[in-house]
DNA sequence: GAAATTCTTGCAATATTTTGCAATTAAATT
DNA sequence: AATTTAATTGCAAAATATTGCAAGAATTTC
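Residue numbers (the numbering used here), protein chains in the order written: chain A, 1 to 248; chain B, 249 to 496.
Here's what the structure looks like:
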């Protein structure tokens with residue numbers, strides 16, 4: 001067995017159990033404890049886990065969670081997600097589009113919350129899986145590989161039969177005059193259907209995106225009920241939105 | 249044998265087994281270990297695999313993408329998956345249920361194959377995402393958290409409008425007399441619908457499962473066209489199936 | 001604070017890699 | 001077609017890496 005494989009096994013054990021005992025791993029891998037110790041030392045130096053007396057422990061949840069591997073502006077998105085999650089209440093039906101900000105929202109939904117989540121996004125559905133009190137309903141269809149969401153007539157049809165309490169609409173661009181815009185036609189269609197399928201539309205967006213626009217229009221600002229950014233409500237960057245939209 | 253051919257063989261081995269040992273490849277290719285070492289070095293530089301002491305491993309290996317790496321009897325399941333994948337041809341429409349054996353099949357579908365995959369399973373859809381030539385269609389619905397597949401009326405309805413060329417039906421239990429059985433009622437319903445939605449039903453199953461049964465019946469053996477196990481066709485354990493089912 | 005466990009260190013056996021070299025093959029040039 | 005040049009391949013010796021072991025040091029546990 002290659003050293004690299006051992007490392008993967010160890011990391012996997014850490015990921016699953018949050019800790020490993022030297023002796024257990026040695027048993028699993030059928031190598032001496034010395035070898036495992038050296039492996040753990042190496043992984044510790046690479047900052048993949050924390051070496052402790054007797055074994056190793058996880059660095060903390062987020063490090064191994066596949067989901068946050070490489071989210072751009074993760075800090076900001078987490079702040080946005082915290083605000084977004086504060087809107088949620090037991091019994092609600094919510095609709096989540098795709099995108100990494102929404103993924104962060106999905107991750108931060110508290111496990112005790114009893115809500116129903118509809119989503120056409122595969123990563124978001126996966127992220128919700130371990131939360132016991134959430135009912136997940138995937139809106140199926142042909143998967144667009146870039147966005148990892150279902151697109152086309154089938155999801156749009158499914159959405160037409162739905163009225164959610166809140167839609168968290170992940171966006172690529174939002175602009176005070178042009179409204180919400182998107183790069184891909186087929187995704188525009190799904191997002192339009194999502195807006196129609198919801199009582200309240202919430203746009204979580206990092207501040208970099210709040211003055212950009214793209215080729216296709218999803219909706220005007222009037223269709224958006226609430227804009228969540230990582231900024232403070234009083235931030236001058238948000239001035240242009242204050243008239244037309246509620247901010248958080 | 250051309251260097252390029254060797255490279256293809258090496259990459260293929262890595263793709264299938266996630267790793268290769270220098271000595272094994274040298275044996276397979278009938279060249280010296282030095283040559284293989286140089287080949288691997290080259291592929292490493294091209295970023296096609298990761299060179300490690302003693303051999304090489306797949307780049308994706310440590311990307312714990314979305315896939316549960318803790319697959320029980322992984323070796324056997326890989327062997328089954330290899331056989332299963334050999335049935336696939338360009339242009340086909342296939343239907344994949346859930347389960348780790350099917351996940352392994354999804355992983356091993358060669359990237360050049362142009363097929364359409366329908367699945368109600370989130371992990372399998374995720375697994376297929378990086379393959380550029382595969383059209384993925386997720387059968388949506390309420391997600392059963394244990395099996396991570398969509399269940400209920402909605403997926404069953406969607407399946408009723410479909411006729412796939414092959415259905416890979418992951419099973420928990422198959423028995424020479426009792427047929428295919430399952431523990432959960434709602435999953436039974438989906439699997440029944442999958443069988444109806446396919447021209448050919450293939451059951452990939454490790455040998456441990458081929459004499460077990462569970463509470464609810466999915467179908468009799470007559471509904472199954474092909475049984476794939478990790479065993480050789482002539483293995484005595486398969487004797488009871490030889491009459492009624494084609495084996496692979 | 002004593003007992004038990006775990007760690008560190010140095011060492012030896014084994015396995016793998018590096019390096020230089022020579023023989024062979026393939027490709028380019030005249 | 002012959003010659004030169006470059007690339008490929010296998011071999012072998014030296015260098016390096018891996019692994020398990022054992023004795024003493026450090027840490028944890030009760």
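Backbone N, C-alpha and C fix where the C-beta goes; we use that ideal spot for every residue, glycine too.
When C-alpha distances from residue 471 of chain B are compared across B:494, B:287, B:366, the shortest belongs to B:494. Under the DSSP definition of a beta bridge, residue 369 of chain B partners with B:397. For chain A, the residues of the segment 373-405 of chain B that bring a beta carbon within less than 7 Å of one of its beta carbons are 373, 374, 377, 383, 384, 385, 386, 387, 388, 389, 390, 391, 393, 396, 398, in chain order. Between residue 29 of chain A and residue 6 of chain A, the CB-CB gap stays under 9 Å. Residues of the same chain with a CB within less than 7 Å of the CB of residue 379 of chain B, apart from the 5 flanking positions on each side, are 357, 359 in chain order. Residue environment: residue 250 of chain B is assigned as exposed (fewer than 16 neighbouring CB atoms within 10 Å of its CB, all protein chains considered).
At least one CB atom of chain B sits nearer than 9 Å to the CB of residue 3 of chain A. Neighbours of residue 29 of chain A across chain B, judged by C-beta separation under 9 Å, do not exist; the nearest C-beta is about 14 Å away.
At least one C-beta of chain A is nearer than 9 Å to the C-beta of residue 301 of chain B. Collapsing the DSSP output to three states places residue 429 of chain B in a strand. Burial check for residue 402 of chain B: the Cβ neighbour count within 10 Å reaches 16 or more, so the residue is buried.
In the three-state DSSP reduction, residue 233 of chain A falls in the coil class, being neither helix nor strand.
In its chain, beyond the 5 residues on either side, 163, 164, 165, 166 have a beta carbon closer than 8 Å to the beta carbon of residue 199 of chain A. In the same chain as residue 119 of chain A, and ignoring 5 residues on each side of it, the C-beta atoms closer than 6 Å to its own belong to 96, 125, in chain order. One thing to note: residue 462 of chain B has its Cβ no nearer than 9 Å to the Cβ of residue 434 of chain B. Under the Cβ distance rule, residue 111 of chain A does not count among the residues neighbouring chain B, no pair being separated by less than 9 Å. Listed by position along chain B, the residues whose Cβ is nearer than 7 Å to that of residue 74 of chain A form an empty set, because the closest Cβ is around 18 Å away. Residue 242 of chain A: not part of any beta strand (DSSP E); DSSP gives it neither H nor E. In chain order, 2, 4, 5 make up the part of chain A whose C-beta sits under 8 Å from the C-beta of residue 305 of chain B. Sequence-distant Cβ neighbours of residue 81 of chain A in its own chain, meaning closer than 8 Å and more than five residues away, are 101, 104, 105, 107, 108, 204. Of all C-beta pairs linking the segment 279-288 of chain B to the segment 319-326 of chain B, fewer than three are shorter than 8 Å, placing the two stretches out of contact. Between residue 306 of chain B and residue 265 of chain B, the alpha-carbon positions lie close to 8 Å from each other. Look at residue 171 of chain A here: in three-state DSSP terms it is coil, with no helix or strand label. Listed along chain A, the residues sitting closer than 8 Å to residue 370 of chain B by beta-carbon distance are 122, 125, 126, 129, 138.
Taken residue by residue, none of the segment 437-467 of chain B has a beta-carbon sitting less than 7 Å from a beta-carbon on chain A.
At a cut-off of 9 Å between beta carbons, residue 337 of chain B makes no contact with chain A. When rounded, the separation of the alpha-carbon atoms in residue 136 of chain A and residue 22 of chain A is 38 Å. Residues of the segment 256-274 of chain B with a Cβ closer than 8 Å to any Cβ of chain A, in chain order: 267, 269. Sixteen is the threshold: since fewer than 16 other Cβ atoms of the shown chains lie within 10 Å of the Cβ of residue 339 of chain B, the residue is exposed.
Taking C-beta separations shorter than 6 Å and ignoring five residues to either side along the sequence, the partners of residue 341 of chain B in its chain run 364, 412, 413, following chain order. In the structure shown, residue 209 of chain A adopts helical secondary structure according to DSSP, grouped into three states.
Contact with chain A is absent for residue 325 of chain B, since none of that chain's Cβ atoms lies less than 9 Å from the residue's Cβ. Restricting attention to B:327, B:259, B:326, B:272, the CA atom closest to the CA of residue 294 of chain B is found in B:259.
Annotation for residue 298 of chain B: 292, 304, 305, 306, 307, 309 place their beta carbon closer than 8 Å to its own, counting only its chain and skipping 5 residues before and after.
In this structure, residue 122 of chain A lies near residue 377 of chain B, with their beta-carbon atoms less than 9 Å apart. For residue 115 of chain A, there is no enclosing beta strand (DSSP E), since its DSSP letter is neither H nor E.
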